[in-house]
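J.: Each protein sequence line maps, in turn, to chains C and P.
For the first sequence, the residue numbers in this note's numbering are 373 to 602.
For the second sequence, the residue numbers in this note's numbering are 373 to 602.
For each residue, glycine too, the CB sits at the ideal point set by N, CA and C.
Take a look at this one; I'll ask things after.
Protein chains: 2
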Amino acid sequence: MAEHTIKAFDDEIDRLRGLIAEMGGRAEAAIENAMLALQRQDTGLAAEVVAEDKRIDAIEAEVEKLVVEIIALRAPMANDLRDVIAALKIVGVVERIGDYAKNIAKRVPLIATNQRTLEPISLLPSMGQVAGEMVHDALNAFAARDADLAVAVIERDTVVDDFYNSVFRTLVTFMVENPKTISECAHLLFVAKNIERIGDHATNVAEMVYYAATGHTLPDRDRGTTQLED
Amino acid sequence: MAEHTIKAFDDEIDRLRGLIAEMGGRAEAAIENAMLALQRQDTGLAAEVVAEDKRIDAIEAEVEKLVVEIIALRAPMANDLRDVIAALKIVGVVERIGDYAKNIAKRVPLIATNQRTLEPISLLPSMGQVAGEMVHDALNAFAARDADLAVAVIERDTVVDDFYNSVFRTLVTFMVENPKTISECAHLLFVAKNIERIGDHATNVAEMVYYAATGHTLPDRDRGTTQLED
Chain C
373 MAEHTIKAFD DEIDRLRGLI AEMGGRAEAA IENAMLALQR QDTGLAAEVV
423 AEDKRIDAIE AEVEKLVVEI IALRAPMAND LRDVIAALKI VGVVERIGDY
473 AKNIAKRVPL IATNQRTLEP ISLLPSMGQV AGEMVHDALN AFAARDADLA
523 VAVIERDTVV DDFYNSVFRT LVTFMVENPK TISECAHLLF VAKNIERIGD
573 HATNVAEMVY YAATGHTLPD RDRGTTQLED
Chain P
373 MAEHTIKAFD DEIDRLRGLI AEMGGRAEAA IENAMLALQR QDTGLAAEVV
423 AEDKRIDAIE AEVEKLVVEI IALRAPMAND LRDVIAALKI VGVVERIGDY
473 AKNIAKRVPL IATNQRTLEP ISLLPSMGQV AGEMVHDALN AFAARDADLA
523 VAVIERDTVV DDFYNSVFRT LVTFMVENPK TISECAHLLF VAKNIERIGD
573 HATNVAEMVY YAATGHTLPD RDRGTTQLED
């Protein structure tokens, strides 16, 4: 490439990375606010999370447009091309993480309408925090191409999975003992599942980062037969 | 492009479309078999669905590799490039549809261990059939670039959503009346949610097809505030 073309390409890649970082920051905030809204039964905050998700979707669309432009105008070579395609995949995952946060927020009014304290809610904030940190670290690992940080994210996925299994059992027991709460607890089951899926998607990003940085996949990452990936 | 290059490009696009069609066929079969396994409490068939999902994932990886090759070797122009990128997005969606079918299959043993007849199971096969047909038609619409068929798919999404809401209410009522079935009904809730998500993803494919064929998005498709997209 001519020097000015390289400069333009680098600028575009910087813009791409900036958009991904912004999108990630918004997804993290969405998770945190959704969990806060759930805890405080704050339907106003929940509505904000739902509204903010449109911005995350808009950034994804912007990234897609930019990727097509970069490929069409710069015709990047093998490695650069793979990076650009990887960016496309990562924003797809972050968009889904944003959706999960939005889904949690959407369930808040369905749970908040009831004045009773739902004891099992108390389990969810810590689970949400671990998942949110995984998203944060996975995107930092992407920005810094840091394979070690990616591995740390991947290893934390079992924490979220264990949380989920514990929440599932607790909720089922609570429903048996408090049949009047069954409808709300069903919504909480989906909230827990959404958090578990956020952890899975952070793990997916981390796996992509690890592969891009090392050229290898991690062993023992076939979760296909043990886990429910809804 | 030189004539032999155009021929090679067309061959590659044909291979791409062939892979997507194969992937779609496998995803449809997975949905059908997962629902059959659930109805018949057939854990062997369920295990087959889980195992087969690896093939769907492998085809997705093959498509990704092919897309990178096509872009790198053929440097397709704007419209062709957008088509190739769209193919990448569509296989991502089909892969997720396969995952949902796998997740349904994975829950079969958790439900089948119990000898009791779970009445709400009877609601799910028709729901699964509508969702499966939506996937089938969405991929046909993609293959034929058929905007009308895409619209028909999109319109059917409310049928699946109505099914889901009905199943949710029926299951909650059943749990209240039969507290001993709560754990299995919780799994059925997730099965219903997975089917509902399959319908959503078929709709996503149809929306992409409609946009590619007409250059427009459909009005009234902002489901953002009414639906839970877990």
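#1: Looking at chain P, is there any beta carbon in it that lies within less than 8 Å of the beta carbon of Arg454(C)?
#2: Taking a contact to mean a Cβ-Cβ separation below 8 Å, would you say Ala402(P) touches Val421(P) in this structure?
#3: By Cβ distance below 7 Å, which residues in the same chain neighbour Ala578(P) in space, the five residues on each side in sequence not counted?
#4: Name the chain C residues that come within less than 7 Å of Ile554(P), Cβ to Cβ?
#5: In three-state terms, what does DSSP make of Arg517(C)?
#6: Assuming Pro497(C) contacts Gln411(C) under a Cβ cut-off of 8 Å, what Cβ separation, rounded to an integer in Å, is found between them?
#7: Hey, is the stretch 559-570 of chain C in contact with the stretch 463-483 of chain C, meaning 3+ C-beta pairs nearer than 8 Å?
#8: Taking the alpha helix (DSSP H) that Gly587(P) belongs to, which residues open and close that run?
#9: Is it true that the CB of Val532(C) sits closer than 8 Å to the CB of Val502(C)?
#10: At what residues does the alpha helix (DSSP H) containing Lys552(C) begin and finish?
#11: Does Val421(C) have its Cβ less than 8 Å from a Cβ in chain P?
#12: Find the residues of chain P that neighbour Val440(C), judging by a C-beta separation of less than 9 Å, and give them in chain order.
#13: Is the Cβ of Lys437(P) closer than 8 Å to any Cβ of chain C?
#14: Taking the alpha carbon of Met395(C) as the point to measure from, which residue in Ile431(C), Lys552(C), Met407(C), Arg541(C) has its own alpha carbon closest?
#15: Assign Ser555(C) to buried or exposed, taking buried as 16 or more other Cβ atoms, counted over all protein chains shown, within 10 Å of its Cβ.
#16: Give a yes or no on whether 8 Å exceeds the smallest Cβ distance from Leu391(C) to chain P.
#17: By the three-class DSSP mapping on this structure, what secondary structure does Lys379(P) have?
#18: Within this structure, are the beta carbons of Leu560(C) and Ile476(C) separated by less than 8 Å?
#19: So, helix, strand or coil for Gly596(P), using DSSP?
#20: If you compare alpha carbons, which of Val435(P), Arg454(P), Glu434(P), Lys461(P) is closest to Ile443(C)?
#21: In the structure shown, what three-state DSSP assignment does Asp414(P) receive?
#22: Compare the Cα-Cα distances from Ala450(C) to each of Ala584(C), Pro591(C), Leu590(C) and report the closest residue.
#23: Quick one: residues in its chain with C-beta nearer than 6 Å to the C-beta of Met506(C), no 5 flanking neighbours on either side, listed in chain order?
#24: DSSP three-state label for Met449(C), please.
#25: Would you mind working out which of Val435(P), Arg541(P), Met407(P) sits nearest Ala393(P), comparing C-alpha positions?
#26: Can you tell me whether Thr377(C) is buried or exposed, with buried defined as 16 or more other CB within 10 angstroms of its CB?
#27: Which residues of chain P have a Cβ atom closer than 7 Å to the Cβ of Gly464(C), listed in chain order?
#28: Taking the Cβ atom as the reference point for each residue, do Arg427(C) and Ala515(C) lie within a distance shorter than 8 Å?
#29: Measuring only the C-alpha atoms, how far is Lys565(P) from Arg387(P)?
#30: Enumerate in chain order the residues of its own chain whose CB-to-CB distance from Glu491(C) is below 7 Å, with the five nearest sequence positions on each side excluded.
#31: Going along chain C in order, which residues have a C-beta closer than 8 Å to the C-beta of Ala444(P)?
#32: Assuming Val440(P) contacts Ile457(C) under a Cβ cut-off of 8 Å, what Cβ separation, rounded to an integer in Å, is found between them?
#33: Compare the C-beta of Ala558(P) with all C-beta atoms of chain C and state if any pair is closer than 8 Å.
#34: How would you list, in chain order, the residues of chain P whose beta-carbon sits under 9 Å from the beta-carbon of Pro591(C)?
T.: Let me lay it out:
#1: Here residue 454(C) corresponds to residue number 82 of the first sequence, with the count starting at 1. Interface annotation, Arg454(C): in contact with chain P, CB-CB separation under 8 Å.
#2: Numbered from its first residue, the second sequence carries residue 402(P) at position 30. Numbered from its first residue, the second sequence carries residue 421(P) at position 49. Result yes, Cβ atoms of Ala402(P) and Val421(P) sit closer than 8 Å.
#3: Taking the second sequence and counting its residues from 1, the one referred to as residue 578(P) is at position 206. Only Ala510, Ala513, Ala522, Val525, Ile526 meet the Cβ criterion.
#4: Taking the second sequence and counting its residues from 1, one reaches residue 554(P) at position 182. Within chain C, the residues near Ile554(P) are Val544, Met547, Val548.
#5: Here residue 517(C) refers to the residue found at position 145 when the first sequence is read from its first residue. Note: Arg517(C) maps to coil in three-state DSSP.
#6: Taking the first sequence and counting its residues from 1, one reaches residue 497(C) at position 125. Taking the first sequence and counting its residues from 1, one reaches residue 411(C) at position 39. Right, the Cβ-Cβ distance comes to about 6 Å (below 8 Å), so this counts as a contact.
#7: Cβ pair count under 8 Å is three or more, so yes.
#8: Taking the first residue of the second sequence as 1, we reach residue 587(P) at position 215. Element bounds for Gly587(P): n/a, residue is neither H nor E.
#9: Here the question's residue 502(C) lines up with position 130 in the first sequence. Here the question's residue 532(C) lines up with position 160 in the first sequence. Yes; because the gap between Cβ atoms is below 8 Å, this pair is in contact.
#10: Walking along the first sequence from the start, residue 552(C) turns up at place 180. Counted as a single uninterrupted DSSP element, the stretch harbouring Lys552(C) is not any alpha helix (DSSP H), since DSSP gives it neither H nor E.
#11: In the first sequence, the residue the question calls residue 421(C) occupies position 49. No, Val421(C) lies away from the interface with chain P (no Cβ there is under 8 Å from its Cβ).
#12: Looking up residue 440(C) in the first sequence gives position 68. Neighbours of Val440(C) on chain P, chain order: Ala450, Leu453, Arg454, Ile457.
#13: By one-based count along the second sequence, residue 437(P) stands at place 65. By this cut-off, Lys437(P) is not an interface position.
#14: Residue 395(C) sits at position 23 when you count from the first residue of the first sequence. Of the candidates Ile431(C), Lys552(C), Met407(C), Arg541(C), the one whose C-alpha sits nearest the C-alpha of Met395(C) is Ile431(C).
#15: Walking along the first sequence from the start, residue 555(C) turns up at place 183. With 16 or more other Cβ atoms from the protein chains shown falling within 10 Å of its own Cβ, Ser555(C) counts as buried.
#16: Translated into the one-based positions of the first sequence, residue 391(C) becomes position 19. Leu391(C) is outside the set of residues whose beta carbon lies under 8 Å from a beta carbon in chain P.
#17: Along the second sequence, read from residue 1 onward, the residue named residue 379(P) stands at position 7. Here DSSP, grouped into helix, strand and coil, assigns Lys379(P) to helix.
#18: Within the first sequence, numbered from 1, the residue matching residue 560(C) stands at position 188. Within the first sequence, numbered from 1, the residue matching residue 476(C) stands at position 104. Not closer than 8 Å, so no.
#19: Here residue 596(P) refers to the residue found at position 224 of the second sequence. Residue placement at Gly596(P) is poorly supported in this model, since its pLDDT is 39, which falls under 50; the coordinates still yield a value, given next. If DSSP states are grouped into helix, strand and coil, Gly596(P) belongs with coil.
#20: As a first step, residue 443(C) must be located in the first sequence, where it is residue number 71. Selected option, being the one with the closest Cα: Arg454(P).
#21: As a working mapping, residue 414(P) is identified with position 42 in the second sequence. Note: Asp414(P) maps to coil in three-state DSSP.
#22: Your numbering for residue 450(C) matches position 78 in the first sequence. Selected option, being the one with the closest Cα: Ala584(C).
#23: In the first sequence, the residue the question calls residue 506(C) occupies position 134. The answer, listed in chain order, is Val525, Arg528, Gly571, Ala574.
#24: The residue given as residue 449(C) occupies position 77 in the first sequence. DSSP places Met449(C) in coil when its eight states are reduced to three.
#25: As a working note, residue 393(P) is residue 21 in the second sequence. Comparing Cα positions, the closest option is Val435(P).
#26: Taking the first sequence and counting its residues from 1, one reaches residue 377(C) at position 5. Counting Cβ neighbours within 10 Å, Thr377(C) comes out exposed, since fewer than 16 surround it.
#27: By one-based count along the first sequence, residue 464(C) stands at place 92. Counting only Cβ-Cβ distances below 7 Å, Gly464(C) has contacts in chain P at Gly464, in chain order.
#28: If you number the first sequence from 1, residue 427(C) lands on position 55. If you number the first sequence from 1, residue 515(C) lands on position 143. Not a contact, by the Cβ cut-off of 8 Å.
#29: Within the second sequence, residue 565(P) is the residue found at index 193, counting from 1. Within the second sequence, residue 387(P) is the residue found at index 15, counting from 1. It is roughly 34 Å from the alpha-carbon of Lys565(P) to the alpha-carbon of Arg387(P).
#30: Counting from 1 along the first sequence, the entry for residue 491(C) is found at position 119. Closer than 7 Å at Cβ, skipping near neighbours: Phe546.
#31: Indexing the second sequence from 1 puts residue 444(P) at position 72. For a Cβ distance threshold of 8 Å, residue set Met449, Ala450, Leu453 of chain C lies close to Ala444(P), ordered along the chain.
#32: Mapped onto the second sequence, residue 440(P) falls at position 68. Mapped onto the first sequence, residue 457(C) falls at position 85. Between Val440(P) and Ile457(C), the beta carbon gap of about 6 Å places them in contact (Cβ cut-off 8 Å).
#33: Locating residue 558(P) in the second sequence gives position 186, counting from the first residue. Ala558(P) counts as touching chain C.
#34: In the first sequence, residue 591(C) corresponds to position 219, counting from 1. Within 9 Å Cβ-Cβ: nothing; Pro591(C) doesn't reach chain P, min ~16 Å.
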